[in-house]
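What follows is a single structure, written as structure tokens, with notes after it.
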């Protein structure tokens, strides 16, 4: 059965028991009568690539901040000629996006503005990127330094003797505001280079496709991919620690990752090595950094311990687990040389060199920003907001440590004010009584929303998708939209992106949350909505990988290729159509997945 | 009688030939054989003849032709140490009336018979015998069927263009038969056509001599053709390969639809595969003849080549393309007897004609700044991939149908 449009956001019912879900989020992110004409005439797609689960209020805070930051770079900073921002809504807890194009008559006037602004970034990229690293690390350090500890019974004497004149209640209010500001700043930084980087990459990509109509996307990606990339560092650190444990003779301590005890001189030495690696490299989440439940390695060592155990086993089996840096570099050079050689004219070779050159300049940022923002910054951000939640619970403002996740950010202001006033007055607080039942109801609603199956898209799709960022950042094309529309009636093969070559058959294992990753057994095929870079250590175990979502340049695809595991990404429905235990064939060269039964 | 006819003047060459004494022949035992895979242009070009030199060149360029060796011209020159042979051949040559073609055919036959009556010099014979046995051992076959080919050298002739007038003997088995055919190759320098040709060309002071090539007969498990581009799109980063069981005849004659593959030249991966139902194959019988057989059972519908072999074929085709400097149309085979890893052999390579004759379509049209290009990419991000996917004059789909008449060489 094939339809020509997706359901209207106004005709979808809310899941039973989730009535009133809108109160979990800002009023500005709900579909509603005030903007109905505008909203009903747009095409919205579910960004399951980044937000695959129903959001709690704080998950939504980061969602809103991220997309607003993305948007402002296009619309206000660089004046991308055909693209303004990306509009965003939440429906039944799920993230829907709709890129906003520029009125055709206004595009021309933006071209010189774009060229001046983007041109400056391209010309000074390396220098600006150096500065970016400093700015981001400073911002992370500032977030890290924020003090959300409980308000004191009595101010320090120095507050008086130094003549400070204000107290901890004020400091806490400032700290919370500062926290929100820094998160917004960090997300501005996230998009400072990203869209420009993708634009340069896409230009090079288009050239390659024109020169070699059937060049695999994989080959195009391989030619620019960095060899030593920060995003791979966490995993490299794990390998080094596994070797360290063996060298120190304490390999067996990791046999049960949930009960690792590091004792004696060897244990202490391992701990020192661990600490050196953990900050910053284990500010790494098992998810994508966008959800409160993503486990941060640094704070949940059982996760990296389990990976260390697996690496120990492989080293002990005589395997060489080091990355063959020289071979990777040589292979990259060979591919570039051969394509260059196959071009028809010197002019083409010149264009190829310059586009590849620029793509390589921008690419370290494209690959590495993910570690600095999604992992490091977001690890720190989640740790801090949870700290605040624990403080508020400890002093009785909220019932449980994680209650805070079910409050909107402006509601937290109200709780903090209650806290402040009653700390100042020394009187009872009202927050627990007021917010307790609300939070309880919201938890119930969130549970119902989590069980809802969100449609891939809403509204009527344009005849042809030409919006550059839909294609570049989300890998959504007219073809994928048609696949979504036609889903259900067709029981043939699943088609997706040929993200990493090779053909294998084996049993499928569905993995929906980072917690399920540990269930993967040797020789299984990982089937997931999307994978995260931090799942890298399981890639040597699995035979192949299939995802619902993701283009060639998603961080997940990068890791799949790095580990040489055949992969088909962006199938749309793999997790709906495949069950754990099904035998499937994955052809990562053609992008096909066949369910054998 | 033709006083000017140069080739008759063997006496002039005799001083050189006479220098081959028995002891010097012994000393040069190993010098009568040059293996194709140890070919060295500087050392060997002048002693192995045009045909063998080209096989050696291909081998050294990484274009694996079937293995074999050349018997160098020195071997041929030794037979002229026999003064009575020289005298007999010269008197026969002098008797030629170049206007009487029929009579000349008879004289030519007499000369050839006379040359073939001479024993291959003992040292040369034992070298050929042990080289032939070594070749058989390498392929795991005793009495290996080989092709024995003449390969003339002519210092004064840039292209030894009478090469086509020399003989090739196919499916020769056993040491004795090989030696017999080596002599036949030597004598093929005196076919009536060769004699007439040299006469017409006034080929003076000829230092013409004959080398002989002994090369394994290719016995294909599977064979086919490879184009060093995608014939549908002209994409030069791909190799299109047609393949079927046995010799290439069935495909060329259109009796089977071959399996069709696309291999990425750069990533060295099989990109697409169409496996067809292959009903017949042509096979080489023990005596070197070719027979047609029905294909039974699962072989009909499985791929006739493995992915590894496909990649090897593609790499071979790519090397041919590089070697010759333009897109190629390569005939190849997977040999039954050669060990894995060296069983993909090239039978022939010629320039691809369909796409090569089109003017090159550059991707860029004049210098465009990076930023301009980025702006146009942003304005139409999908324009690039669509523009070239459907050329107006699309070549036919199957490579096989583009082949000229006639089987593999």
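Protein chains in written order, with this note's numbering: chain A, 276 to 872; chain B, 178 to 586.
We put the CB at the ideal spot given by N, CA and C, even for glycine.
Note that this is a predicted model, so its numbers are computed, not measured.
{"Asked": "CB contact below 9 angstroms: residue 619 (chain A) versus chain B", "Found": "yes"}
{"Asked": "Cβ of residue 373 (chain A) within 9 angstroms of any chain B Cβ", "Found": "no"}
{"Asked": "Beta carbon proximity, residue 437 (chain B) to chain A, threshold 9 angstroms", "Found": "no"}
{"Asked": "Bounding residues of the alpha helix (DSSP H) (the contiguous stretch that carries residue 394 (chain A))", "Found": "379–398"}
{"Asked": "Listed by chain order, chain B residues near residue 610 (chain A) by CB distance under 9 angstroms", "Found": "443 and 444"}
{"Asked": "Residues, ordered as in the chain, of the stretch 486–518 of chain B that lie near chain A by beta-carbon distance below 7 angstroms", "Found": "none"}
{"Asked": "Three-state class that DSSP yields for residue 618 (chain A) in the structure shown", "Found": "coil"}
{"Asked": "Near-chain B residues of the stretch 360–393 of chain A (beta-carbon distance less than 9 angstroms), N- to C-terminal order", "Found": "382, 386, 389, 390 and 393"}
{"Asked": "Beta-carbon proximity of residue 239 (chain B) to residue 390 (chain B), cut-off 9 angstroms", "Found": "no"}
{"Asked": "Under the three-state DSSP convention, the category residue 307 (chain B) falls into", "Found": "helix"}
{"Asked": "Within-9 angstroms CB hit, residue 422 (chain A) to chain B", "Found": "no"}
{"Asked": "Interface flag, residue 472 (chain A) vs chain B, CB-CB below 9 angstroms", "Found": "no"}
{"Asked": "Assigned exposure category for residue 385 (chain A) - 16 Cβ within 10 Å defines buried", "Found": "buried"}
{"Asked": "Inter-stretch contact at 8 angstroms, needing at least 3 Cβ pairs: the stretch 596–611 of chain A / the stretch 502–510 of chain A", "Found": "yes"}
{"Asked": "Nearest-angstrom Cα separation, counted from residue 547 (chain A) out to residue 589 (chain A)", "Found": "23 angstroms"}
{"Asked": "Terminal residues of the beta strand (DSSP E) in which residue 437 (chain B) lies", "Found": "436–441"}
{"Asked": "At least three beta-carbon pairs within less than 8 angstroms, the stretch 662–670 of chain A to the stretch 522–531 of chain A", "Found": "no"}
{"Asked": "Cα-Cα separation between residue 272 (chain B) and residue 218 (chain B), rounded to whole angstroms", "Found": "39 angstroms"}
{"Asked": "Residues near residue 206 (chain B) by beta carbon distance below 7 angstroms, same chain, minus five either side", "Found": "Any answer about residue 206 (chain B) is weak, because its pLDDT of 42 lies below 50 and its placement is not dependable; what the coordinates show is given next. So the qualifying residues of the chain are 300 and 304."}
{"Asked": "Alpha carbon of residue 470 (chain B) to alpha carbon of residue 477 (chain B), nearest angstrom", "Found": "12 angstroms"}
{"Asked": "Whole-angstrom distance between residue 298 (chain A) and residue 291 (chain A), CA atom to CA atom", "Found": "16 angstroms"}
{"Asked": "Pairwise C-alpha distance: residue 523 (chain B) and residue 852 (chain A)", "Found": "46 angstroms"}
{"Asked": "Three or more C-beta pairs below 8 angstroms linking the stretch 463–475 of chain A and the stretch 613–627 of chain A", "Found": "no"}
{"Asked": "Near-chain A residues of the stretch 394–412 of chain B - C-beta to any C-beta below 7 angstroms", "Found": "407, 410 and 412"}
{"Asked": "Pairwise C-alpha distance: residue 503 (chain B) and residue 623 (chain A)", "Found": "17 angstroms"}
{"Asked": "Beta-bridge partners of residue 802 (chain A), as assigned by DSSP", "Found": "A:785 and A:821"}
{"Asked": "Interface flag, residue 478 (chain A) vs chain B, CB-CB below 9 angstroms", "Found": "yes"}
{"Asked": "Beta-carbon spacing of residue 442 (chain B), residue 413 (chain B) below 9 angstroms", "Found": "yes"}
{"Asked": "Residue 282 (chain A) burial status per 10 Å Cβ neighbour count (16 or more: buried)", "Found": "exposed"}
{"Asked": "Three CB pairs or more closer than 8 angstroms across the stretch 677–690 of chain A and the stretch 535–545 of chain A", "Found": "no"}
{"Asked": "Residue 586 (chain A) versus residue 399 (chain B) - alpha carbon distance", "Found": "44 angstroms"}
{"Asked": "Pair within 9 angstroms by beta-carbon distance, residue 822 (chain A) and residue 750 (chain A)", "Found": "no"}
{"Asked": "Inter-residue spacing [alpha-carbon to alpha-carbon] between residue 559 (chain A) and residue 647 (chain A)", "Found": "9 angstroms"}
{"Asked": "Stretch pair the stretch 425–432 of chain A + the stretch 293–309 of chain A: three plus CB contacts closer than 8 angstroms", "Found": "no"}
{"Asked": "Meets three-Cβ-pair contact criterion under 8 angstroms: the stretch 288–295 of chain B and the stretch 304–322 of chain B", "Found": "no"}
{"Asked": "Runs of alpha helix (DSSP H) lying entirely within the stretch 481–525 of chain B, each at least 4 residues, in chain order", "Found": "484–501"}
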